[in-house]
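Asks: In this note's numbering, the protein residues as written are 12 to 282.
Backbone N, C-alpha and C fix where the C-beta goes; we use that ideal spot for every residue, glycine too.
Here it is: the structure, laid out below.
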Amino acid sequence: MQFFDRLAQYFESIGAVLSGQSQAASVFPNASDIGDSREAIYMRFLEQHVPHWCEVERGGYLFSGDGLESGQIDLIVSAGSAPRYAFLKSHGGKSFRQVDGVIAAISIKSTIRLTDVSSILDDFSKIPQMQTQAKDVNPGIQNFDISDFLMCAVYASKCDDLLSVASKVREHYSVNQDIPQNRRPSLIHVNGKGVIFRAAKGSTYGEKELLIGEYYVIQTTANVFGLSYVANEVRKRVALLPHILFRMNDDIPGKLLESSGLPFDVFGPPR
């Protein structure tokens with residue numbers, strides 16, 4: 012267990028950087044360019060812990076093949092094959108990605124107030140659904156729900172009472188039962204305080220099986236569990252990528268012509 016003790020200390024040290032107790036350079040080499048922003052440091056954490064063919068992007072929007080669009084998302088982790096439109100981002104514009112092929116959408120908050128819980132959760136519910144379906148997955152892959160491929164998560168430096176936040180989360184979904192499970196956060200990690208996680212199929216605590224979709228709280232080793240969970244869930248999804256035929260919208264030019272509403276002619280060769 013000696014290695015895992017060191018690994019736990021490693022994640023605790025990242026948590027200390029995120030909380031401002033340590034400098035980024037103490038954990039991340041060449042970190043002088045990322046400043047003190049928790050969002051930037053969490054992005055660097057992701058970049059150094061996800062497989063190298065993933066892309067981590069700060070700030071962007073997700074759209075579906077039928078033209079629906081999310082609100083702005085703080086951090087997006089995606090497969091390299093997911094269509095990306097980012098030319099205007101360096102000029103203050105929006106960056107877009109198609110939701111099919113996106114692995115994680117992460118919200119970064121300085122503080123979670125009880126009054127903010129519903130709006131944070133509603134942001135995830137606005138992410139459009141993928142067009143990719145179960146039939147697009149290699150039939151040899153067992154116990155995998157493609158509709159839950161996109162992982163939604165929240166990281167916060169601080170919060171009001173953690174158990175009260177968890178109660179607010181449960182209350183929100185008891186009132187809004189129409190929000191699908193795949194647009195509810197898998198994890199809400201509050202630095203040093205604890206994590207609120209959504210039980211998935213097969214989740215257990217000791218010998219007790221947890222109720223699927225219910226939210227549970229862990230108040231010990233918050234940073235170890237919260238950070239390692241996100242890194243591991245991204246890795247698991249990346250391992251599945253070769254077995255999924257994502258339904259990307261291959262007719263973007265045609266869709267743009269249709270949405271313009273302008274008449275157009277198609278001229279063939281002269282006869």
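Are the beta-carbon atoms of residue 121 and residue 55 separated by less than 8 angstroms?
Replies: To locate residue 121, count along the sequence shown from 1; it is residue 110. To locate residue 55, count along the sequence shown from 1; it is residue 44. No. Outside cutoff.
Asks: Hey, how far is the Cα of residue 213 from the Cα of residue 95?
Replies: The residue you call residue 213 lines up with position 202 of the sequence shown. The residue you call residue 95 lines up with position 84 of the sequence shown. Answer to the nearest angstrom: the Cα atoms are 34 angstroms apart.
Asks: What's the C-alpha gap between residue 205 and residue 20?
Replies: Numbered from 1 along the sequence shown, position 194 holds the residue referred to as residue 205. Numbered from 1 along the sequence shown, position 9 holds the residue referred to as residue 20. Looking at the two C-alpha atoms, the distance is approximately 16 angstroms.
Asks: Below 6 angstroms CB to CB, which residues in the same chain sit around residue 110 once its five sequence neighbours on both sides are set aside?
Replies: Here residue 110 refers to the residue found at position 99 of the sequence shown. For residue 110, where only same-chain residues beyond five positions count, the Cβ hits under 6 angstroms are 73, 75, 139 and 141.
Asks: Any chance the region 171-186 sits against the region 148-157, with 3 or more Cβ pairs inside 8 angstroms?
Replies: With the cut-off at 8 angstroms, the region 171-186 and the region 148-157 do not touch.
Asks: Span of the alpha helix (DSSP H) holding residue 190?
Replies: Sequence index remark: in the sequence shown, residue 190 carries index 179 (1-based). Taken as a continuous stretch (DSSP letters only), residue 190 belongs to no alpha helix (DSSP H), as it is neither H nor E.
Asks: Is residue 5 near residue 177, with beta carbons less than 8 angstroms apart?
Replies: Any question about residue 5 goes unanswered here, given that the chain covers just 12 to 282.
Asks: Could you check where the alpha helix (DSSP H) with residue 109 kicks off and where it finishes?
Replies: Translated into positions along the sequence shown, residue 109 becomes position 98. Looking at the DSSP string, residue 109 is not in any alpha helix (DSSP H); the run it does join, the beta strand (DSSP E), is 107-109.
Asks: Run the CB neighbour count on residue 17, radius 10 Å, all protein chains shown included, and call it buried at 16 or more, exposed below.
Replies: Residue numbering aside, residue 17 sits at position 6 when the sequence shown is read from its first letter. Residue 17 comes out exposed.
Asks: Under 8 angstroms, do residue 61 and residue 242 count as touching if we go by C-beta distance?
Replies: By one-based count along the sequence shown, residue 61 stands at place 50. By one-based count along the sequence shown, residue 242 stands at place 231. Their beta carbons are under 8 angstroms apart, which means residue 61 touches residue 242 by this criterion.
Asks: Pull up the DSSP beta-bridge partners for residue 118, would you.
Replies: The count along the sequence shown starts at 1 and reaches residue 118 at position 107. Beta-bridge pairing links residue 118 to 165.
Asks: Measure the C-alpha to C-alpha separation of residue 69 and residue 98 and round it to an integer number of angstroms.
Replies: Position 58 of the sequence shown, counted from the start, is the residue given in the question as residue 69. Position 87 of the sequence shown, counted from the start, is the residue given in the question as residue 98. The alpha-carbon atoms of residue 69 and residue 98 are separated by roughly 14 angstroms.
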